[in-house]
Amino acid sequence: MLHIRGFDPGGLGKAVVVDLGGGNGHISVPIARAHPHLEAFVQVLETNAEPAKAAAPDERRNRVTFQTKNFFLPKATAYGFGPAVTNSLLVSRVQHDLPDRDCMKILKALILVLDNGKSKLFIVDQVLPDKPGEIFLYQEALMRSLALLMYNMVGGKERSLGEWETLFKEADGRWRIERVDTPVKIQTCACWRL
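Numbering (this note's numbering) for the sequence shown: 3 to 196.
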């Protein structure tokens with residue numbers, strides 16, 4: 003599965019993984035199943051929490067805890083965890099829905115719940131090529147079409163690795179990229195640390 007191949011919790015040990023905007027647990031459950039030492043929480047907006055719980059099969063309800071949270075709030079208490087226990091945050095296909103200014107709000111709020119140097123932030127999203135020819139033309143055409151669609155529908159955007167790096171640096175200069183994995187050609191999992 004893509005989610006398991008793209009998510010390597012190496013070095014986290016017994017950890018809490020918080021999946022921001024994680025829907026009905028479709029990513030957190032396979033991760034929790036593959037890594038039983040992880041405790042998984044899915045945090046969604048209030049309007050999505052009850053439908054997500056109801057839509058999740060029983061096995062998902064037993065593997066993850068669903069919480070109603072707003073990840074724009076710049077308070078550690080908004081997440082229900084302190085830095086000592088929030089080892090890992092997962093943001094999957096959320097930031098492409100948002101313009102840079104909103105992504106930076108999220109990244110700034112996350113700093114308050116991450117333990118400096120010990121916690122990891124996993125971003126799972128599409129990454130546009132920085133220059134033509136890095137991927138097959140048909141893949142790039144599809145990605146750029148999706149980028150235009152995101153922009154026109156919700157004001158969001160798909161980003162290149164360079165644009166991701168700029169976004170993180172502008173949010174807070176302490177962010178640094180630890181690794182980038184591409185389990186499939188157009189889906190990338192990047193691990194960031196403070």
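We put the CB at the ideal spot given by N, CA and C, even for glycine. All figures in this text were calculated on a predicted structure; none of them were measured in a lab.
So, helix, strand or coil for V31, using DSSP?
-> Working through the sequence shown from its first residue, we reach residue 31 at position 29. In this structure, V31 counts as helix in the three-state DSSP scheme.
Top-ranked residue by Cα proximity to G23, from S90, K16, T70, P38 = For this step, residue 23 is matched to residue 21 along the sequence shown. Considering only alpha carbons, the answer is T70.
Stretch pair the region 87-106 + the region 155-164: three plus CB contacts closer than 8 Å = yes
Just the C-alpha distance for L116 and S90, rounded to the nearest angstrom, thanks.
-> As a first step, residue 116 is located in the sequence shown; it is residue number 114 there, counting from the start. As a first step, residue 90 is located in the sequence shown; it is residue number 88 there, counting from the start. When rounded, the distance between both Cα atoms is 8 Å.
Taking the C-alpha atoms as reference points, what is the distance between K107 and I125?
-> Position 105 of the sequence shown, counting from 1, holds the residue named residue 107. Position 123 of the sequence shown, counting from 1, holds the residue named residue 125. Cα to Cα, K107 sits roughly 15 Å from I125.
Look up S147 in the DSSP assignment and say whether it is helix, strand or coil.
-> On the sequence shown, residue 147 is found 145 positions in, with the first residue counted as 1. Collapsing the DSSP output to three states places S147 in a helix.
Can you tell which of L151, P38, L75, H28 has its C-alpha closest to the C-alpha of A54?
-> Mapped onto the sequence shown, residue 54 falls at position 52. The shortest C-alpha separation from A54 is found at H28.
Applying the criterion that 16 or more other CB atoms from any shown protein chain within 10 Å of the CB defines a buried residue, is E160 buried or exposed?
-> Mapped onto the sequence shown, residue 160 falls at position 158. Buried.
Report the three-state DSSP secondary structure of D174 (helix, strand or coil).
-> Taking the sequence shown and counting its residues from 1, the one referred to as residue 174 is at position 172. In the structure shown, D174 sits in coil (DSSP, three-state: anything other than H, G, I, E or B).
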